[in-house]
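Asks: Handing you a structure now.
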């Protein structure tokens, strides 16, 4: 009898847990649409056909950039080197780099996007296995946000990620 009661209780909980999801989903769609209206290039979305390196260079420059500009080439090379060390796609790497770059700039620590990617690639390479770019970015940003200088933050991350090699 207790088993049957547990099944019924689980079903009721599942029903209550899903209540209101439709409204929240609609609110999220509204938010996405309003962001798109305020700037179509807020984030590089999966269906977008823009090359991630070009999109990221345009974000960094604050406007149009030619496909063969040196900034695009540097970001393209950085994204290419990142593929071997991070799990995310070029699109997600570009989005996360734009986000972290914006956060760093807001803190007064603006960084070159290609250099940022390359620096974090070097950290992941030290670990000796693929990493989650978002996690490495977050660790880096947290250090910079509390006032740790760039080179010291990279040194601290290198020491932290080096330990992963020891436990493989």
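Numbering (the numbering used here), first residue to last: 171 to 338.
Every residue, glycine too, gets a C-beta built ideally from N, C-alpha and C.
Nothing here was measured: the structure is a model prediction, and the numbers come from that model.
If you pair each beta-carbon of the segment 269-285 with each one of the segment 307-317, do three or more pairs fall below 8 Å?
Replies: Yes: at least three Cβ pairs fall under 8 Å.
Asks: What does the alpha-carbon distance come out to for the pair residue 253 and residue 307?
Replies: Roughly 15 Å separates the two Cα atoms.
Asks: State the DSSP-derived secondary structure class of residue 301, mapped to helix, strand or coil.
Replies: Reduced to three states, the DSSP call for residue 301 is strand.
Asks: Would you kindly check if the distance between the Cβ of residue 303 and the Cβ of residue 258 is under 8 Å?
Replies: It is a contact, given that the beta carbons lie within the stated cut-off.
Asks: Can you grab the Cα-Cα spacing for the pair residue 227 / residue 290, in whole Å?
Replies: The alpha-carbon atoms of residue 227 and residue 290 are separated by roughly 18 Å.
Asks: If you compare alpha carbons, which of 245, 321, 221, 326 is closest to residue 282?
Replies: Comparing Cα-Cα distances from residue 282 to each of 245, 321, 221, 326, the minimum goes to 245.
Asks: On the DSSP bridge assignment, give the partners of residue 256 in chain order.
Replies: According to DSSP, residue 256 bridges with 301.
Asks: Is there at least one non-hydrogen atom of the ligand SAH closer than 7 Å to the beta-carbon of residue 235?
Replies: This structure lacks the ligand SAH, and indeed carries no ligand of any kind.
Asks: Where do the N-terminal and C-terminal ends of the alpha helix (DSSP H) with residue 217 fall, by residue?
Replies: From DSSP, residue 217 is part of no alpha helix (DSSP H); its letter is neither H nor E.
Asks: Measure the C-alpha to C-alpha separation of residue 317 and residue 219 and round it to an integer number of angstroms.
Replies: Taking the straight line joining both Cα atoms gives about 38 Å.
Asks: Hey, residue 249 and residue 296 are a contact pair by Cβ (cut 8 Å); roughly how many whole angstroms apart?
Replies: Not a contact, Cβ separation roughly 19 Å.
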